[in-house]
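Quick note: the sequence shown uses this note's numbering, first residue 697, plus one each step.
For each residue, glycine too, the CB sits at the ideal point set by N, CA and C.
As the structure is a prediction and not an experimental result, all values here were calculated from the model.
Report on the structure given below.
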Amino acid sequence: MNCPEFRPPMWLRSGHLQTIAIGYFAGPPRTEQATQHIVPLEDGDAIVLHEDAPASSSLAPATPKRVAILIHGLTGCHASPYVQRLAFKLNQAGVHTYRMDMRGCGAGSQLARDLCHAGRSADALAAMRFVANRHREAILMPVGFSLGAAVLLRTLGEFANELPDEVRHAFAVSPPIDLRDCCLRIQRGLSRWYDRTLARWLYQRVQERKALHKALAELDNGSPPRTIWDFDEQFTAPLGGFRSAEHYYHECSSLPLLTNIRVPTTILTADDDPVVPGHGLSEASLPATIQHWRTRHGGHLGYYAARNKDPDQWWMDWRIVEFALSRM
């Protein structure tokens, strides 16, 4: 399946505007009717999965033939607009969904001492195994966004021999496969606004969770980090057992593991993404199992299209739904 052409509205061609559109056109949050599942992790922390079944289906809820796991980005959770939108559309198409809260995020914020980061591949594997155990012989497709996409790709490469048999396909959107390169590039030009905004948000998350983890309080020197690199140097690296941010980026980037991926995987990137540069993927030597969908426009998780045959203008959602149905 080749990448369909993405055509943005004339007034929304900028990658920055496409990125901002995620929030501006998000609309009100959907009413939560999901079933929550707590998934314990080996170190004593836990993550949460939010299960949404198709509204009307001839399939028994306990044994759906098509299942998707959705993994949010750095500052997101199960309730992020792009995650909720896609889950709803997949449900409407008859696909069972599980929206994952990564470690310390969303409904799992009080269930984990540690922070989520790009190296949490074992957490994603635990989620896949949990879902696979609930839906034996289903066709399971994990979908990751931004940091969640990087975690997904790392999981597929690092645990290529340990994935549940039910995992047949995967889809990754805007993954930061080279963490060091991404953190350096986001410090340039207009992208610095995203860098500082994300750093402030991450620091706020630390403030909310210091009571759970004494080490967080000890690492907080009262001076908020100004960049993602600074945040990773101050918090992510020491909490994750890394010597420095540089060491964390080297150890947890998914780029070196792409050649190990055996599950057929599609990666979607935009050339004008102001947060995650897509050039690294284009220059990488990809295995035959990976298909790269590269668009000229789209921003970071934006993909708000000019009016077309799709039911709404969220182009990314419909391409993932089409992909899921064609592969399942």
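CA-to-CA distance, residue j to residue i, given in whole angstroms
i, j, result
"residue 852", "residue 958", "8 Å"
"residue 968", "residue 875", "18 Å"
"residue 857", "residue 956", "10 Å"
"residue 795", "residue 1015", "18 Å"
"residue 755", "residue 741", "Caution is warranted here: a pLDDT of 46 is assigned to residue 755, below 50, making its placement in the model unreliable, and no coordinate value can be reported."
"residue 765", "residue 784", "13 Å"
"residue 991", "residue 964", "8 Å"
"residue 989", "residue 894", "26 Å"
"residue 1000", "residue 1008", "9 Å"
"residue 850", "residue 891", "23 Å"
"residue 746", "residue 1005", "30 Å"
"residue 844", "residue 768", "5 Å"
"residue 1067", "residue 848", "Within the shown structure, residues of the chain are numbered from 697 to 1024, placing residue 1067 beyond reach of any answer."
"residue 710", "residue 972", "15 Å"
"residue 831", "residue 790", "15 Å"
"residue 977", "residue 950", "11 Å"
"residue 739", "residue 819", "10 Å"
"residue 757", "residue 834", "Because residue 757 sits at a pLDDT of 49, beneath the cut-off of 50, its placement in the model cannot be relied upon, and the point is left open."
"residue 775", "residue 917", "31 Å"
"residue 1017", "residue 962", "13 Å"
"residue 701", "residue 993", "10 Å"
"residue 800", "residue 777", "19 Å"
"residue 733", "residue 914", "32 Å"
"residue 707", "residue 719", "17 Å"
"residue 878", "residue 721", "26 Å"
"residue 814", "residue 761", "30 Å"
"residue 925", "residue 933", "10 Å"
"residue 698", "residue 859", "26 Å"
"residue 948", "residue 927", "16 Å"
"residue 889", "residue 717", "16 Å"
"residue 902", "residue 930", "11 Å"
"residue 1019", "residue 1013", "10 Å"
"residue 974", "residue 982", "14 Å"
"residue 759", "residue 885", "Any reading at residue 759 is ruled out, since the residue's pLDDT is 49, under 50, leaving its predicted position unreliable."
Check whether residue i and residue j have beta carbons under 8 Å apart
i, j, result
"residue 966", "residue 995", "yes"
"residue 792", "residue 750", "yes"
"residue 840", "residue 744", "no"
"residue 920", "residue 899", "yes"
"residue 871", "residue 907", "no"
"residue 781", "residue 1011", "no"
"residue 712", "residue 809", "no"
"residue 935", "residue 811", "yes"
"residue 773", "residue 748", "no"
"residue 887", "residue 896", "no"
"residue 763", "residue 826", "no"
"residue 869", "residue 954", "no"
Span of the alpha helix (DSSP H), counted from its first residue to its last, around residue i
i, result
"residue 924", "924-927"
"residue 943", "941-948"
"residue 867", "From DSSP, residue 867 is part of no alpha helix (DSSP H) but of the beta strand (DSSP E) over 866-869."
"residue 934", "933-936"
"residue 827", "817-830"
"residue 1016", "1011-1023"
"residue 904", "888-905"
"residue 910", "910-915"
"residue 875", "875-881"
Beta-bridge pairing of residue i - partner residues as DSSP gives them
i, result
"residue 748", "793"
"residue 766", "795, 839"
"residue 963", "868, 988"
"residue 742", "736"
"residue 1000", "1010"
"residue 863", "836"
Span of the beta strand (DSSP E), counted from its first residue to its last, around residue i
i, result
"residue 775", "Run containing residue 775: none; DSSP gives neither H nor E here."
"residue 987", "986-991"
"residue 731", "731-736"
Whole-angstrom C-beta distance between residue j and residue i, which should lie under 8 Å
i, j, result
"residue 912", "residue 905", "6 Å"
"residue 985", "residue 960", "5 Å"
"residue 816", "residue 836", "Not confirmed; about 19 Å, so no contact."
"residue 1002", "residue 704", "6 Å"
"residue 855", "residue 821", "5 Å"
"residue 862", "residue 828", "4 Å"
"residue 970", "residue 731", "Contact doesn't hold; Cβ gap of about 37 Å is too wide."
Within-8 Å CB hit, residue i to chain B
i, result
"residue 743", "Going by chain labels, chain B is absent from the structure shown, which holds only one protein chain."
Residue i: CB within 7 Å of a non-hydrogen atom of the ligand COA
i, result
"residue 932", "No copy of the ligand COA occurs in the structure displayed, which carries no ligand at all."
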